[in-house]
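Residue 420 in our numbering sits at position 217 of the sequence shown, with consecutive numbering throughout. No residue lacks a Cβ here, since even glycine has one placed at the ideal position from N, Cα and C. All values reported here derive from a predicted model rather than from experimental measurement. All remarks here apply to the structure that follows.
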Amino acid sequence: KKGKAGPVPPPPEEEKAVEEAAPTTATAQEGTDGSTGASFKPYMRAWYFQEDAPELLDDFPDPPPYFPDKFKMVAPQFQPPFTWLFLGPKGAFSPLHRDIWMTCAWMAQVEGRKRFVFFPPKDTSCCYLKSEGGQEAYADLRRPNLEAFPNLYSGHPVEAVLHPSDVVYIPSGWTHYVECLTDSVSLTSNFATPKNFKRVLVPYTRWLEKRRLAAHMVSVAKDAVLRYRE
C-alpha cells in the first residue's frame, strides 16, 4: 500500500506493541552514534549458509524460475555469495538501504512476519544524501531528521507485510527498510537481470579481481610456510 513518508507507517492494530517498543530497539541496535544498550536485538543478517550447510540448497530452486539470475550463468567459483538466510527476533530491523551493487532481490518469508517500507528510485533524493566527499547517509525512519532530510515527507513509500510463504521482489535501486514484526526467518537472494547487468558489471568485476588477488596471496603464504618448514 502507498502512503506519505514519515516515521515507519502505522502497523495493523495487533502490531502496535512492536511500534511502541521501536525507539529503544532502534537506538540499541542501529543507533547513529554507535551506542548499544540492554534492549539490543541480535539479528543474524546475510548468513551465507552454503558454506556451513550446503544441503539446504536442495530445498529450493536456485534461481527460482521467476527470477532468472545472470550470475548463475558463470561457473560456481565466479558466483558472488548472494543467497542468504536472515534470522531475527521480534523488533530486529535493517535501516534504510539499497541492495549491494544495485542488484535486484527476492525474499521469501519462512517463519514469522516482516514489514517492508520501499521508496521508489524517483524518491531516492527524499531519503538519501551523498556528500561531496562521497559519504553516504540514509534517513532514519524511526527518528526522522528533517533538517538533514527536509523532503522526506514528500516521498511516496510503499509498504508490504510478509507472512510465511510470501515472496517479495525488490527491484534494483529501490531504497527499503525492513522490520521483524515477530521472530522471523527469511531466505533471500540478490541477482542480476539482463536489464541491470551493465550496472552490476563494474562492482562485480572489482569483486572478481579482489578474489583473484586474495587467492594469490593465500598461495604465496602457503608456499612461504612450506619453504620455512623445509
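Rounded Cβ spacing between residue i and residue j (contact assumed at less than 8 Å)
i	j	result
L344	V364	Going by Cβ atoms, the distance from L344 to V364 rounds to 15 Å, so no, they are not a contact pair.
F252	F394	Not really, about 17 Å apart at Cβ, beyond 8 Å.
W250	L288	5 Å
V371	E314	The Cβ separation is near 15 Å, so there is no contact.
S357	C329	6 Å
K317	V381	6 Å
V403	T306	6 Å
I373	M310	7 Å
G291	K325	About 30 Å separates the two Cβ atoms, so there is no contact after all.
Chain-order list of residues whose beta-carbon lies under 8 Å from that of residue i (same chain, five-residue window excluded)
i	result
P323	H359, V361 and W377
L411	F281
A342	L299, C329, C330, Y331, N348, A351, F352 and L355
P268	none
F263	A311 and L390
P266	D272, K275, S392 and F394
Neighbour-count burial assignment, residue i, 16 or more Cβ in a 10 Å radius
i	result
L390	buried
F296	buried
E260	It is worth fixing the name first, because residue 260 is Leu in this sequence and not Glu. Exposed, by the Cβ-count rule.
L384	buried
Q312	buried
S368	exposed
A308	buried
F149	Only positions 204 to 433 of the chain appear in the structure, and residue 149 is not among them; the question remains open.
A256	exposed
L416	exposed
L355	buried
G237	Confidence at G237 is low in this model, with a pLDDT of 37, below 50, so its placement is unreliable and the value that follows should be read with caution. Exposed, because fewer than 16 other Cβ atoms sit within 10 Å of the Cβ of G237.
6 Å Cβ shell around residue i - same chain, five flanking residues per side excluded
i	result
L332	A340
R248	F289
W304	V403 and P406
Y246	G291 and A295
Contacts around residue i, its chain only, beta-carbon distance under 7 Å, and the 5 residues preceding and following it disregarded
i	result
G234	Caution is warranted here: a pLDDT of 41 is assigned to G234, below 50, making its placement in the model unreliable, and the coordinate value is therefore given only provisionally. Excluding sequence neighbours, G234 sits near nothing in its chain.
A224	Its pLDDT being 30, under 50, A224 is placed unreliably in this model, and the value from its coordinates should be taken loosely. For A224, where only same-chain residues beyond five positions count, the Cβ hits under 7 Å are G294.
F400	K273
D302	A308, I373 and N393
T446	For residue 446 there is no data in the structure shown, the boundaries of the chain being 204 and 433.
P397	K273
H366	Q312 and R316
Residue-chain proximity (residue i, chain C), Cβ-Cβ < 8 Å
i	result
P298	Given the protein chain composition of this structure (a single chain), no chain C is represented.
Problem set entry | Any 3 or more C-beta pairs closer than 8 Å across the segment 375-383 and the segment 270-287 | no
Exercise. Taking the runs of the alpha helix (DSSP H) that are 4 residues or longer, which of them lie wholly in the segment 296-353?
Worked result: 327-330
Exercise. Of all the beta strand (DSSP E) runs that stay within the bounds of the segment 364-405, which reach a length of 3 or more residues?
Worked result: 370-373, 378-383 and 387-394
Problem set entry | Every unbroken beta strand (DSSP E) inside the segment 245-276 [3 residues or more] | As summarised for the segment 245-276, the continuous beta strand (DSSP E) elements at least 3 residues long and confined to that stretch are 247-250, given in chain order.
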